[in-house]
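What follows is a short report on a single structure.
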Amino acid sequence: MRFSPIRSVVLAVYALLVVVPLVVVVFGSFKTTPELFESPFGLPSSLSLRNYEIVLGEQNLDQAFFNSVVVTAASVALTLFVASLAAYGIARTPGWKGWLIFGFLVLGMSVPAQANMIPQYVLFDVLGLLDSRLGLVAINVVVGLPVAVFILGGFMKTIPREAYEASAIDGAGPFRTYWSVIMPMSLPSVAATAIFLFVIQWNDLLYPLLFIRSPELKTLPLALLEFQGEFLTDYPLLFTGVVIASLPIVVAYVLLQRYFVAGMTSGAVKG
Amino acid sequence: MTTTEVDPRQAATPAGARRRRRGRGATRAHPALLLFPLPALAIYVVFFAIPTVQAVQYAVTDWDGFSATFSNVGADNFRRIFTADDLFANALLNNVKFMLVVVVFQTAFALLLAVLLVKNSRGSILLRALFFFPTILSSVSVAFIWKFIYDPNFGLGNRVLDGVGLDVQLAYLGEASTAIYWVALTQVWFHAGQMMVIFVAGLQAVPAELYEAAELDGAGRWAQFRHITWPMIAPATAIVVAYTTIQSFKAFDLILGLGGNPPKFSLDILSTRIYTSFANSEFGYAAAESLVFMAVIAAIVVAQRRVLRLTQKDV
Amino acid sequence: MQNRQINRRNLLQLLGLTGLAATAACAGPGSTGGGQGGGAAEPIPSGPIEGEISFAHWRAEDQQVFEQLIAAFVAQHSGVSITQDIAPSNDYQSTALQRVRGGAVGDVFTAFRGAQFVDMVKAGIFSDLTGLPVVDRYSAALIEPGASDGKQYGLPYQLVFNMPVSNLDALEAAGVSEPPADWDGFLAMCEALRGAGFVPIAWPGGEPGNAGHLFNSMVMNNAPSPDMCTKLETGEYSCTDDWFLKTLDQYAQLRPYVQPNATGTAVEPAQQLFASGQAALLATGSFHIAAVRALGAQFPVGLLSPITTSAGEARYEGIHNATFILGVNTASDVRPAALAFIEFLSDPVNAAVYANGTGQHLTVSGVAYDNPDLAATAGWLERRTLLAPRFQFTDLDIRNAVENACTQVIGGTDPRQAAEDAQRVVDQRIG
Numbered sequence: 454m455r456f457s458p459i460r461s462v463v464l465a466v467y468a469l470l471v472v473v474p475l476v477v478v479v480f481g482s483f484k485t486t487p488e489l490f491e492s493p494f495g496l497p498s499s500l501s502l503r504n505y506e507i508v509l510g511e512q513n514l515d516q517a518f519f520n521s522v523v524v525t526a527a528s529v530a531l532t533l534f535v536a537s538l539a540a541y542g543i544a545r546t547p548g549w550k551g552w553l554i555f556g557f558l559v560l561g562m563s564v565p566a567q568a569n570m571i572p573q574y575v576l577f578d579v580l581g582l583l584d585s586r587l588g589l590v591a592i593n594v595v596v597g598l599p600v601a602v603f604i605l606g607g608f609m610k611t612i613p614r615e616a617y618e619a620s621a622i623d624g625a626g627p628f629r630t631y632w633s634v635i636m637p638m639s640l641p642s643v644a645a646t647a648i649f650l651f652v653i654q655w656n657d658l659l660y661p662l663l664f665i666r667s668p669e670l671k672t673l674p675l676a677l678l679e680f681q682g683e684f685l686t687d688y689p690l691l692f693t694g695v696v697i698a699s700l701p702i703v704v705a706y707v708l709l710q711r712y713f714v715a716g717m718t719s720g721a722v723k724g
Numbered sequence: 012m013t014t015t016e017v018d019p020r021q022a023a024t025p026a027g028a029r030r031r032r033r034g035r036g037a038t039r040a041h042p043a044l045l046l047f048p049l050p051a052l053a054i055y056v057v058f059f060a061i062p063t064v065q066a067v068q069y070a071v072t073d074w075d076g077f078s079a080t081f082s083n084v085g086a087d088n089f090r091r092i093f094t095a096d097d098l099f100a101n102a103l104l105n106n107v108k109f110m111l112v113v114v115v116f117q118t119a120f121a122l123l124l125a126v127l128l129v130k131n132s133r134g135s136i137l138l139r140a141l142f143f144f145p146t147i148l149s150s151v152s153v154a155f156i157w158k159f160i161y162d163p164n165f166g167l168g169n170r171v172l173d174g175v176g177l178d179v180q181l182a183y184l185g186e187a188s189t190a191i192y193w194v195a196l197t198q199v200w201f202h203a204g205q206m207m208v209i210f211v212a213g214l215q216a217v218p219a220e221l222y223e224a225a226e227l228d229g230a231g232r233w234a235q236f237r238h239i240t241w242p243m244i245a246p247a248t249a250i251v252v253a254y255t256t257i258q259s260f261k262a263f264d265l266i267l268g269l270g271g272n273p274p275k276f277s278l279d280i281l282s283t284r285i286y287t288s289f290a291n292s293e294f295g296y297a298a299a300e301s302l303v304f305m306a307v308i309a310a311i312v313v314a315q316r317r318v319l320r321l322t323q324k325d326v
Numbered sequence: 111m112q113n114r115q116i117n118r119r120n121l122l123q124l125l126g127l128t129g130l131a132a133t134a135a136c137a138g139p140g141s142t143g144g145g146q147g148g149g150a151a152e153p154i155p156s157g158p159i160e161g162e163i164s165f166a167h168w169r170a171e172d173q174q175v176f177e178q179l180i181a182a183f184v185a186q187h188s189g190v191s192i193t194q195d196i197a198p199s200n201d202y203q204s205t206a207l208q209r210v211r212g213g214a215v216g217d218v219f220t221a222f223r224g225a226q227f228v229d230m231v232k233a234g235i236f237s238d239l240t241g242l243p244v245v246d247r248y249s250a251a252l253i254e255p256g257a258s259d260g261k262q263y264g265l266p267y268q269l270v271f272n273m274p275v276s277n278l279d280a281l282e283a284a285g286v287s288e289p290p291a292d293w294d295g296f297l298a299m300c301e302a303l304r305g306a307g308f309v310p311i312a313w314p315g316g317e318p319g320n321a322g323h324l325f326n327s328m329v330m331n332n333a334p335s336p337d338m339c340t341k342l343e344t345g346e347y348s349c350t351d352d353w354f355l356k357t358l359d360q361y362a363q364l365r366p367y368v369q370p371n372a373t374g375t376a377v378e379p380a381q382q383l384f385a386s387g388q389a390a391l392l393a394t395g396s397f398h399i400a401a402v403r404a405l406g407a408q409f410p411v412g413l414l415s416p417i418t419t420s421a422g423e424a425r426y427e428g429i430h431n432a433t434f435i436l437g438v439n440t441a442s443d444v445r446p447a448a449l450a451f452i453e454f455l456s457d458p459v460n461a462a463v464y465a466n467g468t469g470q471h472l473t474v475s476g477v478a479y480d481n482p483d484l485a486a487t488a489g490w491l492e493r494r495t496l497l498a499p500r501f502q503f504t505d506l507d508i509r510n511a512v513e514n515a516c517t518q519v520i521g522g523t524d525p526r527q528a529a530e531d532a533q534r535v536v537d538q539r540i541g
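Note that the protein sequences, when read in sequence, are chains A, B and C. Residue numbers for the first sequence follow this note's numbering, beginning at 454 and rising by one. Residue numbers for the second sequence follow this note's numbering, beginning at 12 and rising by one. Residue numbers for the third sequence follow this note's numbering, beginning at 111 and rising by one.
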């Protein structure tokens, strides 16, 4: 898109609309509760790092941070791997069989979490996966599969047959084709899925709340619940926690941006 | 001026292969291919499908969720849902209104932003990160922010109206007939940046040569969009529309944050209705509602796919 | 060749599925251990006070104070360790029963008054405490929410007053010297407050949960009997009865005295309105005093309930509620230790630490309230207050519908119309 004044105006307006509500959280992390309630959108009276000191000094916060990173990274990686295998298989299984598998997996997106949460709790209890990071990774992968298959499948279906055939002619088996040809071509969609999964799983409260008991296994959102009481919520501390918790995702997002490189599919279709 | 009709699948697939595909099954597919979906299916069946079946099998009972006994009531729960539950009907209506507004505006904004920011320049990357940021926030934070925007007395909303000289003070979430639309606006703010990511991925896959060729033929920007971009991002659009729809049906935390628990009448949607049924110790009924919920979503998503296909055929 | 391979694979899948389907009944009744039906028959054994106790509750804001008390308890009984298992109140309400009944969590656990307590008793999770010495530490009249069928299953620990909180300085500034004793007096007071430049009542009409606290006071003296909400739920009373219509008419009379567009106000802005001194009353309850103090309010506060009848006919002066019902888990294997911890919390000295540290009144007898707000409002413990009727509702939809009638009326709906709309929902839920 060419650089034009309309483009700048639209972007500037939207940026304003996004930023103004956000300042409540970001500025709020520097305010005291009375100040926050009195002037939620105003600049903080001082850039006091008091809240940050309190939150960062919280016992076990670094442990919670570590748990979140480990669980989320493992979940995202595993989900991507399993889902991309499935999406590849589905894309290469023509006809109703492919649609059936796809539909079956994707149907999971429409199931409300409360519906199967109790049976899942019982199952995990029986398998001894409650109160463990492994259990969290397992449930994250399970819940993330429908979304991942949906997005990856959607993009993989558009990869032209030529790409597969070219690879088959070279004598590569399906796995080789998957790993060396299709996955590199799918990097933009894989990166998009990765970001999706990262956000969903990083902020997840439902399953950690249900499964995790031991304080040393808590994930970050769970640790931040400390600031949320029944009648008294410490919003400035909560917002400070939110800002801290959001940094890894922003970093991940910026790093994943470079996989959105144009033209990866165009090379395969020449001729 | 040439109209470029592009369907990448058709263009790239030689006629012969297509014919073979419609023939006797996957004769060209490598047998090992069937192993690919297996890990996903295994995990999914054990940890997801089976628990779901375990839960919804109670849809024909009156189990309360914890007692040792219950009885079979046949289709009674379903009859009640469809004929004798005004609260469910209200929730469905609210949800549909919510979904329509969210899908249209969230998709539109996400696409607009993606189109404006598709180049990987530093400025674009930074702006993309900024627009993505709201998605990262927790629903508690988002609810807090927007409670203070929508507050009729101190809130930013009315203060802005005042500031531009308009003499009207809105009740926002206090006005029963329009409350759901204000929450829809919040939802769009919350997630448009997330959908933008999908569109960026889709847009990046469109080969630059197509635009160059069209440009040489003298096609203007709108024509390029209609005939190249829109059809080529069809998979991305399908994903965004379907995902946004499902997300708007499951917008549970935000509704509870802005509407209370249980939510007030004007903000009650299907997922909160199901939650309240569980809370009222009506496990069997909630399971039945869950099944209807899933069917409604499936029906809407399928209908949307049809509509989208139509807009792409036209081109 | 290919087809046979596929068939074999399908067959394996099918077998696997049927095998797994055999576990399909697993999430049913009686599957999660503790389904001991109604028989919490085994009394708590006496035994050594040792073991790891899990204390399950929802009050994140009380965590520090509990840690203090736990440290003191553990100092007295070596061999015991206690961990707090805290979930936010929404999640606690929906998942506690399942998590606690297996015994993995919540050797000492808590329950909300109302539906959750009833369900947990039905599920046999509460140990019977009837006749135990710990029960005598409590004011008998106040622990009724923890009893069922004549047996004392739990001890409701916290005592709150679901009545409007008043800014005493504002009342003074408006010339109100004593709380109005009847409805006309209440309206006159609101008029005086408005004249003095205050918003008489900050009412969080935007959130049903918080908007409904006022409902308690408005019906306590209008209804023919103190269990009016139970009767509304069974159908014995109807929203279109005279007494309820009268209540709605009174709500209509409050329209000029709440903040503008009150139906769109959430609880935090309402608290801000009160804490900043712009509103004279906050129509929620004593449980928000701590929050309002955290917002910087420094004026003295009190509690004030509207009396909806004449002075002579008023049976009740205010509303109280007892919740945070402590119980010993029947599925626990450290019940003696769990009971000991509850006894520890029931000691007035320890209870005082909790009360003053968290700013709440308790149902324990003989607690010394040092916290100035608690001391100022402690007088209400002795007055004629009704146990909050809105928590008699066990069906959340019925409660929502009935309270919503009041909200709609303040928003401008005609009382009779609002009553009929509410009764329609109630009828559907009952029938």
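The beta-carbon is built from N, C-alpha and C at its ideal position, and this holds for glycine as well.
Check, Outcome
"Is there a C-beta anywhere in chain B that falls below 8 Å from the one on Gln654 (chain A)?", "no"
"Checking 8 Å against the spacing of the C-beta atoms, do Trp425 (chain C) and Asn331 (chain C) come in under that value?", "The sequence shown places Arg at residue 425 (chain C), not Trp. In contact: Arg425 (chain C) and Asn331 (chain C) (Cβ atoms closer than 8 Å)."
"How would you write the range of the alpha helix (DSSP H) that Leu464 (chain A) sits in, first residue to last?", "Pro458 to Gly481"
"I need the straight-line Cα distance from Ser82 (chain B) to Asp73 (chain B), nearest angstrom please.", "6 Å"
"Along the segment 508 to 533 of chain A, what residues have a CB closer than 7 Å to any CB found in chain C?", "none"
"Mind checking whether Leu265 (chain C) and Tyr248 (chain C) have CB atoms under 8 Å apart?", "yes"
"Going along the segment 176 to 189 of chain B in order, which residues come within less than 9 Å of chain C, judged by CB to CB distance?", "Gln180, Leu181, Ala182, Tyr183, Leu184, Gly185, Glu186 and Ala187"
"Within 8 Å of any Cβ in chain A, is that where the Cβ of Thr63 (chain B) sits?", "yes"
"Between Glu293 (chain B) and Gly76 (chain B), what straight-line distance do the alpha-carbon atoms span, to the nearest angstrom?", "7 Å"
"Please report the distance separating the alpha-carbon of Gln146 (chain C) from that of Ile653 (chain A).", "Note that Gln146 (chain C) scores 42 on pLDDT, short of 50, meaning its location in the model is unreliable and no value can be drawn from it."
"For Leu269 (chain C), which of helix, strand or coil comes out of DSSP?", "strand"
"For the segment 286 to 306 of chain C, enumerate the residues whose C-beta is nearer than 7 Å to any C-beta of chain A, in chain order.", "none"
"Pick helix, strand or coil for Thr146 (chain B), following the three-state DSSP scheme.", "helix"
"By Cβ distance below 6 Å, which residues in the same chain neighbour Ser259 (chain B) in space, the five residues on each side in sequence not counted?", "Phe109, Met110 and Val113"
"Measuring straight from C-alpha to C-alpha, what distance separates Asp173 (chain B) and Asn164 (chain B)?", "11 Å"
"Which residues in chain B sit within 8 Å of Ser204 (chain C), going by Cβ to Cβ distance?", "Tyr286, Phe289 and Ala290"
"Kindly indicate which residue of A:Gly551, A:Gly682, A:Ala705 and A:Val473 has the alpha-carbon position closest to the one of Thr468 (chain C).", "A:Gly682"
"Please state the DSSP three-state secondary structure of Ala257 (chain C).", "strand"
"Using beta carbons (cut-off 8 Å, strictly below), is Ala465 (chain C) in contact with chain B?", "no"
"For Arg711 (chain A), does the count of other Cβ atoms within 10 angstroms reach 16, so buried, or fall short, so exposed?", "exposed"
"With 16 as the cutoff for other CB atoms within 10 Å, does Phe93 (chain B) come out buried or exposed?", "exposed"
"Under 8 Å between C-beta atoms, does Glu317 (chain C) make it to chain B?", "yes"
"Is Pro155 (chain C) buried or exposed, if buried means 16 or more other CB atoms sit within 10 Å of its CB?", "exposed"
"Taking only beta-carbon positions, decide if Ile571 (chain A) is within less than 8 Å of chain C.", "yes"
"Compare the C-alpha of Val64 (chain B) against each of A:Ala568, A:Asp657, A:Thr486 and A:Gly495 and name the closest.", "A:Ala568"
"Could you check which residue in A:Val704, A:Val575 and A:Val695 has the C-alpha nearest to that of Val476 (chain A)?", "A:Val695"
"Could you compute how far the alpha carbon of Met328 (chain C) sits from the alpha carbon of Leu413 (chain C)?", "15 Å"
"If we count the other Cβ atoms within 10 Å of its Cβ and call it buried at 16 or more, is Gln186 (chain C) buried or exposed?", "exposed"
"Starting from the beta carbon of Asp96 (chain B), find every residue of chain C whose beta carbon is closer than 8 Å, and list them in chain order.", "Gln538"
"Using the Cα positions of Thr340 (chain C) and Pro318 (chain C), report the straight-line distance between them to the nearest angstrom.", "19 Å"
"What are the complete alpha helix (DSSP H) segments, minimum 4 residues, inside the segment 425 to 504 of chain C?", "445 to 456, 458 to 468 and 482 to 487"
"Name, please, each residue of chain B whose Cβ falls closer than 8 Å to the Cβ of Glu378 (chain C).", "Phe155, Lys158 and Phe159"
"Confirm, please, whether the CB-CB distance from Ala539 (chain A) to Leu553 (chain A) is below 8 Å.", "no"
"Would His202 (chain B) pass as a contact of Thr146 (chain B) if the rule is Cβ separation under 8 Å?", "yes"
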